[in-house]
Amino acid sequence: TEVRFPLPVHGRIPNFRYCEVAAENVTSLECFKRARVIKINPSLAQESLRYLALVYNKVLLTPTPSLDSALFYKLEPKFLRRHQLEWAA
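Everything in the sequence shown is counted per our numbering, starting at 41 for the first residue and increasing by one.
Below you can see the structure in the form of structure tokens.
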């Protein structure tokens, strides 16, 4: 199967088998290379892309699960150590 946890995929961004490869492909796009700030959803399928955005020194904006306290979480790689990037993503 091409779909991974969480199931069912209806109503959410599906976590699929090659999402890590897709994330790597995004890093080769010119718009990714030029961007300083990137908004990426907090879905499991986009975890690799969030990690790579931090590795490539992009400021990461991720929507909060509930909008009662804030609109986005803002992660700036300059305040994170290399070993913290995966956890932060």
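Built from N, CA and C at the ideal position, the CB exists for glycine as well.
Please report the Cβ distance between residue i and residue j, rounded to the nearest whole angstrom; I am assuming they are in contact, meaning their Cβ atoms lie under 8 Å.
i          : j           : result
residue 98 : residue 63  : Between residue 63 and residue 98 the Cβ distance is about 13 Å, and since that is not below 8 Å, they are no contact.
residue 96 : residue 67  : 6 Å
residue 78 : residue 115 : That belief does not hold up - the Cβ atoms of residue 78 and residue 115 are roughly 10 Å apart, past 8 Å.
Could you work out which residue in the options is closest to residue i when comparing CA atoms only?
i           : options           : result
residue 51  : 65, 59, 61 and 83 : 83
residue 122 : 93, 71, 86 and 48 : 93
residue 88  : 42, 61 and 119    : 61
residue 117 : 126, 71 and 105   : 126
Looking at chain D, is there any beta carbon in it that lies within less than 8 Å of the beta carbon of residue i?
i          : result
residue 99 : Judged by its chain identifiers, the structure shown contains no chain D, having just a single protein chain.
Look up residue i in the DSSP assignment and say whether it is helix, strand or coil.
i           : result
residue 55  : strand
residue 98  : coil
residue 177 : Examination of residue 177 is not possible in this model, given that the chain is present from 41 through 129 alone.
residue 111 : coil
Could you tell me the alpha carbon to alpha carbon distance between residue i and residue j, rounded to whole angstroms?
i           : j           : result
residue 128 : residue 73  : 21 Å
residue 71  : residue 80  : 14 Å
residue 65  : residue 107 : 31 Å
Between which residues of its own chain and residue i is the CB-CB distance below 7 Å, once the five residues before and five after are set aside?
i          : result
residue 85 : 53, 54, 55, 56 and 59
residue 42 : 56 and 57
I'd like the list of long-range same chain contacts for residue i, defined as Cβ closer than 8 Å, with 5 residues on each side in sequence excluded.
i           : result
residue 105 : 82
Indicate, with yes or no, if the ligand FMN has a heavy atom lying under 7 Å from the CB of residue i.
i          : result
residue 94 : With respect to the ligand FMN, the structure shown offers nothing to examine, as it has no ligands at all.
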